[in-house]
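See below for the structure under consideration.
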Amino acid sequence: MKPLLALFALAAPLVFAQSPAPAAKHWPWDMRPNKCLAYGGHALPGTQCAEAPPWPTYSIALEHVRMLFANPDFDLVQRAEDDLAYSNAQFESGDYFFEAWIQGMNGGLRQPVEQAQAIIQSWKDAKGDDGFAAVAEAMLWGRRAWAARGSGFASTVAPEAWELFRKNLGKAMAALDAASPKVRKSGAWCQLKATYAFQASNPREGEKLVAEAAKHWPDSVDIARLPMEFAQPKWGGSFEAMDEAARTATRRAKRLGKGMYPLLYSLASWDQGRYTLADTKADWTLMKEGFRVLEPQLAAPATWHEFAQFACQMHDREEAKRLYAVRDAKRAADPNGRDSFDDDSDACRTYAFGAKDA
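Residues 81 to 438 (my numbering) are what the sequence shown spells out, left to right.
And the structure:
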């Protein structure tokens with residue numbers, strides 16, 4: 081009997097080795113046929129079976145992460161988390177991988193609260209509390225806080241709404257504090273923690289978190305913008321405080337350098353219907369230096385269009401004309417770039433290319 085058993089033991093692996101392994105899971109945007117991944121998860125050779133990188137650019141990675149939460153397979157969500165959330169890598173655009181993860185996760189979970197809560201609970205059931213499901217829980221408490229407060233001016237918020245806002249924001253902060261050590265070391269966690277600190281009217285803690293984050297992710301615009309965002313006049317700050325925050329972030333930046341300065345002004349949601357750049361304390365000379373640093377780094381035509389608008393607001397016709405030329409070149413290089421502005425009705429462009437005495 082022993083020789084027969086030994087023979088069977090040797091033969092069995094040979095039989096099973098010849099059977100194809102179950103097909104590996106595809107990303108939801110991966111349209112390759114199943115046969116491509118039929119053998120142990122390794123793609124068959126050939127153009128049809130070549131896998132495209134899942135995170136080639138910031139914008140594509142952002143959209144892909146959103147897609148993962150539409151009908152989540154938590155094995156795939158985990159793969160994305162492992163690839164992006166804990167990485168310090170940067171896309172060619174300079175954006176960090178973790179920025180695509182946290183923004184994509186936030187967008188993907190922008191569903192009715194009950195539905196988002198069910199997804200988060202299923203995520204925890206599938207993968208435990210050690211990963212970003214805990215951060216998603218915090219984000220949901222943050223949403224509840226702002227739903228209670230509303231988007232109006234502070235003077236219009238009822239006392240009971242303020243109480244619920246602070247209570248839910250406190251729960252969001254507590255959920256972040258309860259996250260695993262690995263998660264708490266990530267840029268995405270730091271970004272959300274600093275955001276909630278500022279929203280909770282604790283700028284000292286927010287600025288401390290941003291300063292610490294800058295040691296690890298000095299070119300994270302999403303983190304660097306927070307002190308400037310909450311230094312706006314509408315939050316009780318001032319244009320002087322905004323500019324100081326922008327200068328501090330610019331001094332900390334590495335790859336972006338002076339390019340951080342105009343980027344922060346372009347992203348600040350100060351009331352541009354009420355104010356223009358000329359009303360702020362922005363240093364136009366420093367901003368123009370920043371434009372030139374960004375030219376080889378920043379592709380986005382829409383951002384260059386906004387920079388041209390800044391030049392018009394500062395009555396700098398020559399710089400506006402130059403920036404439109406940069407914008408046009410960027411758009412020609414990337415026809416799919418997000419820039420839907422109508423040149424024919426653009427008063428700033430008319431000013432830039434019009435007669436100097438106009």
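C-beta atoms are modelled at their ideal positions from N, C-alpha and C, and glycine is treated no differently.
Between Leu344 and Ala304, the gap from beta carbon to beta carbon is short of 8 Å. With fewer than 16 other Cβ atoms inside 10 Å of its own Cβ, Asp155 counts as exposed. It is roughly 10 Å from the alpha-carbon of Ala255 to the alpha-carbon of Leu220.
For Trp109 and Glu240, the gap between their C-alpha atoms comes out near 45 Å. Each of Phe171, Ala216, Gln201, Asn168 was checked against the Cα of Gly188, and the nearest Cα belongs to Ala216. In summary, Ser202 is exposed, with fewer than 16 beta-carbon neighbours lying within 10 Å of its beta-carbon over all protein chains present. In the DSSP annotation of this structure, the continuous segment of the alpha helix (DSSP H) that includes Tyr345 starts and ends at 340-347. Note that the C-beta distance between Ile140 and Ala268 is not below 8 Å.
Here Asp257 is exposed, its C-beta having fewer than 16 other C-beta atoms within 10 Å. Three or more beta-carbon pairs separated by less than 8 Å are not found between the region 168-184 and the region 384-397, which leaves the two stretches without contact. By the Cβ neighbour-count rule, Pro136 is exposed, with fewer than 16 other Cβ atoms within 10 Å of its own. Setting aside the 5 residues that flank it on each side, Asn248 is surrounded in the same chain by Trp221, Arg224, Ala225, Ala228, each with a C-beta closer than 7 Å to its C-beta; the list follows chain order.
Look at the region 266-309 and you find these whole runs of alpha helix (DSSP H), each 4 residues long or longer: 267-279, 283-296, 301-309. Going by DSSP, Cys392 is part of the alpha helix (DSSP H) stretching over 381-393.
Straight through space, the alpha carbons of Trp242 and Gly370 are spaced by roughly 40 Å. In terms of Cα proximity to Ala358, the closest of Gln393, Thr383, Ala380, Pro376 is Gln393.
Beta-carbon to beta-carbon, Leu347 and Val301 are separated by about 7 Å, close enough to satisfy the 8 Å threshold.
For Gln170, DSSP records a beta bridge to Tyr176. The Cβ atoms of Asp396 and Thr360 lie no closer than 8 Å to each other. The Cβ-Cβ distance between Leu148 and Ala160 falls below 8 Å.
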